[in-house]
Amino acid sequence: MQTERVIFLDVVRTVVVLFVVILHAACSYAEIIPWWSVQEFPKEPAYTLIILFFDLFCMPALFLLAGYFAPESMRRHGTMGFIKAKFRRLGIPFLLLALLFVPVISYIGFIGQTHSEQGFLHFWIFQLTTAWKPILLLLDSAKTAIPHAFDFSQWHLWFISLLLIFFLLYAALRNALPGLFRSLDKLETGPGRILLYMFLACAISALSDAAINLAVPDWAWAKIGGYLMFQPTRLGLYLTFFLLGVVANHTGWFRSTAIPNPLWLWLMAALALDVAFLAWSRTFIQLTGPAPLSLGLLHATLRAFAAMAWTGVLIKAALRWGNSPGPLKSSLSRSSYDIYLLHLPIVVGLQLLVVTWPVGLFVKFLFVSVAAILVCWQLSRRLVGPHPAIALSALGAYFLALCAAA
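Take the UniProt record's numbering: the final residue in the sequence shown is number 406, and no numbers are missing along the way.
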C-alpha cells in the first residue's frame, strides 16, 4: 500500500511539473506578461488562457504534496536531520542555480529591451550588488517595478526558496509544539471530515489573501534581495495547501479512504469553478491597485476552490490510471525535480531560438514545450542523476562560457 501511494502521488507531482514547463513556454505569446525576457508579436489570447489555467492549481498542488511528505521525512531524520536534508535538497541547488544558471534569463531580456552591448559578466556583477541587500522590495506598480527590472531575480526558483522557509517553519513548530502534531493523528478521517478540512483550507486561504489584497495588488511581487521572492496575495493559498498536506499525512488520507467523491464530480466542480474564475479574471485583472474586500474575497475564493478542485482531479485521476509501476513513469518521476530546476533558462533559450522561424505561434509553443521537457529529462537521466560531480563541473563551464562569449 505504501508503494502504491507513493507511485500515484509521484505521478501527480510529475504531471504538475510538466504543466509548469508548458505554462512558461506560453509566456512569450501571452498578453499579460510584458516583462518576459523573450517577446513575440502579435499576442494571442489563447496563451493567456493557458497561463491562467495552469497558474490556478500547479503551485498549490506542489505545496500540498511537499507538505504531505514532510512528516514522514521528519520521522525518519529527526528535526536537525530534517533541516540538514532540506538544505542539501533545496538550499544548495537554489544557491548554485540562482547564481550561475538562472541569470542568463534576465540577461536575454536586458539585451533584447535595451540593445546594450554590455557583456554578461558585467551584467552579472551588477545583479550581485542587488542580490546581497536584505531589503524588502514590493513591486506593486510600474513606478516601483521598472527601476528594478534587471535586478537579480530568482525566476522560477522562488518556489524552492519559499518551500525551504515553509519546511523550516514546520520543523520549528513541530519541535516547539509536539503535542499539537500528535493530536493530528487522532483527527477523524471520514469522507465528510476530509471535505471539511479541504473547505476550511480554502476558506482560510481566501480570507488571508483577500486581506492582503486590501493593501497589495493581486499581481504584485515582493522580494528580499536575492533570498526570497513571492506574491503576497498567494502566501495564504500556498501555506494552507502545505499545511493541508501535513494534515493529510497525519490522518492517513491516501493510506485508507483517500479523498472522497468520484473523479467525474471533481472534474465537474473544477470546470465550473475554472470557467467562473477565468470569466471573473477578465474584470479583476483590470484593477491596477489593491482590491476592495468584496472583489478581493470573490477572486481569492474562486482561486482557492478551483485550485482545490483541480488538485482533487489530479489525485483521483492518478489513483485510477497512474497507480502502477512502469519504466517511463518511474524515469519521469525521478527526474521531475531536476526538470523543475533546469527548465526555465532552457525554455527562454528555445523561445529566443524560434523567434525568427517562419511558422505560427502554436508550432513555436509546441516545439518549446516538448523540446524543453525532453532536454531537461535527458539532462536529469544522463547527467545530473548519475553524475552529479560532472553536472556541477558542467554548470561551472556553462557559466564561464557565458562570461567569455557575451
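Using N, Cα and C, we set each Cβ at its ideal position, and we do this for glycine too.
Just to check my reading of the structure: residue i and residue j have Cβ atoms closer than 8 Å, yes? What is that Cβ distance to the nearest angstrom?
i           : j       : result
Ala-306     : Leu-56  : 5 Å
Asp-151     : Gln-118 : Not a contact, Cβ separation roughly 15 Å.
Ala-222     : Leu-137 : 7 Å
residue 423 : Ser-335 : Here the chain comprises residues numbered 1 to 406, so residue 423 is not present and cannot be evaluated.
Ile-259     : Lys-186 : 20 Å between Cβ atoms; not a contact.
Leu-64      : Thr-311 : 6 Å
Leu-246     : Pro-71  : First, the amino acid is wrong: residue 246 is Val here, not Leu. About 6 Å separates the two Cβ atoms, so the contact holds.
Ile-32      : Thr-48  : 5 Å
Lys-329     : Gly-225 : Lys-329 to Gly-225, Cβ: 39 Å. No contact.
Pro-383     : Ala-397 : Just to set this straight, residue 383 is Leu in the shown sequence, not Pro. So it is not a contact: roughly 12 Å between Cβ atoms.
For residue i versus residue j, is the C-beta distance shorter than 8 Å?
i           : j       : result
Ala-171     : Ile-83  : yes
Val-16      : Leu-90  : no
residue 428 : Leu-237 : This structure does not reach residue 428, given that the chain is present from 1 up to 406, and the question cannot be answered.
Pro-217     : Leu-162 : no
Gly-385     : Phe-241 : no
Val-11      : Ile-339 : no
Thr-233     : Asn-213 : yes
residue 483 : Asn-323 : Lying before the first or after the last residue shown, residue 483 is absent from the chain, which here runs from 1 to 406.
Leu-168     : Leu-341 : no
Ser-106     : Ser-73  : no
Thr-189     : Gly-252 : yes
Leu-273     : Leu-302 : yes
Phe-199     : Leu-402 : no
Val-355     : Glu-40  : yes
Ala-309     : Ala-270 : yes
Ala-25      : Val-347 : yes
Ala-149     : Trp-35  : yes
Arg-320     : Leu-361 : no
Leu-52      : Leu-295 : no
Leu-184     : His-250 : yes
Tyr-29      : Phe-365 : yes
Using the three-state DSSP reduction, which class does residue i fall into: helix, strand or coil?
i       : result
Thr-3   : The predicted position of Thr-3 is uncertain, since its pLDDT is 39 and thus under 50; a value taken from the coordinates is nonetheless stated next. Reduced to three states, the DSSP call for Thr-3 is helix.
Ile-224 : strand
Phe-230 : strand
Ile-33  : coil
Ala-291 : coil
Phe-41  : coil
Val-384 : helix
Ile-339 : helix
Phe-284 : helix
Pro-345 : helix
Gly-252 : coil
Gly-326 : coil
Trp-357 : coil
Pro-147 : helix
Val-275 : helix
Val-313 : helix
Asn-213 : helix
Ala-372 : helix
Arg-334 : helix
Ala-26  : coil
Asp-218 : coil
Ile-259 : coil
Measure from the alpha carbon of residue i to the alpha carbon of each residue in the options, then state which is nearest.
i       : options                               : result
Pro-345 : Ser-37, Tyr-29, Val-6 and Ala-30      : Ser-37
Asp-370 : Phe-8, Leu-23 and Arg-13              : Correcting the residue identity first, residue 370 is Val in this sequence and not Asp. The candidate whose alpha carbon is nearest that of Val-370 is Leu-23.
Gly-112 : Arg-381, Gly-179, Ser-335 and Gln-351 : Gln-351
Pro-103 : Leu-235, Gly-349, His-250 and Trp-321 : Gly-349
Ile-165 : Phe-230, Thr-114 and Leu-361          : Phe-230
Ala-391 : Ala-85, Leu-100, Met-59 and Ala-26    : Leu-100
Leu-297 : Phe-87, Phe-399 and Cys-202           : Cys-202
Ser-208 : Ala-389, Ala-25, Leu-293 and Gly-360  : Leu-293
Ala-304 : Leu-180, Trp-321 and Leu-239          : Leu-239
Ala-215 : Phe-284, Leu-173 and Ala-291          : Ala-291
Leu-139 : Thr-79, Ala-404 and Gly-289           : Gly-289
Arg-381 : Gly-326, Ser-331 and Phe-365          : Ser-331
Tyr-197 : Leu-244, Thr-144 and Phe-365          : Leu-244
Phe-399 : Gly-179, Lys-43, Ile-373 and Trp-124  : Trp-124
Met-59  : Leu-235, Cys-27 and Ala-404           : Leu-235
Leu-228 : Phe-159, Pro-42 and Ile-50            : Phe-159
Flag residue i as yes if its beta-carbon sits less than 8 Å from any beta-carbon of chain B, otherwise no.
i       : result
Leu-214 : No chain B appears in the structure shown, which is made up of a single protein chain.
Can you determine whether any heavy atom of the ligand HEM sits closer than 7 Å to the C-beta of residue i, and answer yes or no?
i       : result
Leu-287 : You won't find the ligand HEM in this model; it holds no ligand whatsoever.
>> Quick check on the DSSP output: what are the complete alpha helix (DSSP H) runs of length 4 or more inside the region 149-203, in order along the chain?
In response: 158-176 and 178-184
> Which runs of the beta strand (DSSP E), 3 residues or longer, sit entirely within the region 57-145?
Replying inline: Listed in chain order, they are 136-139.
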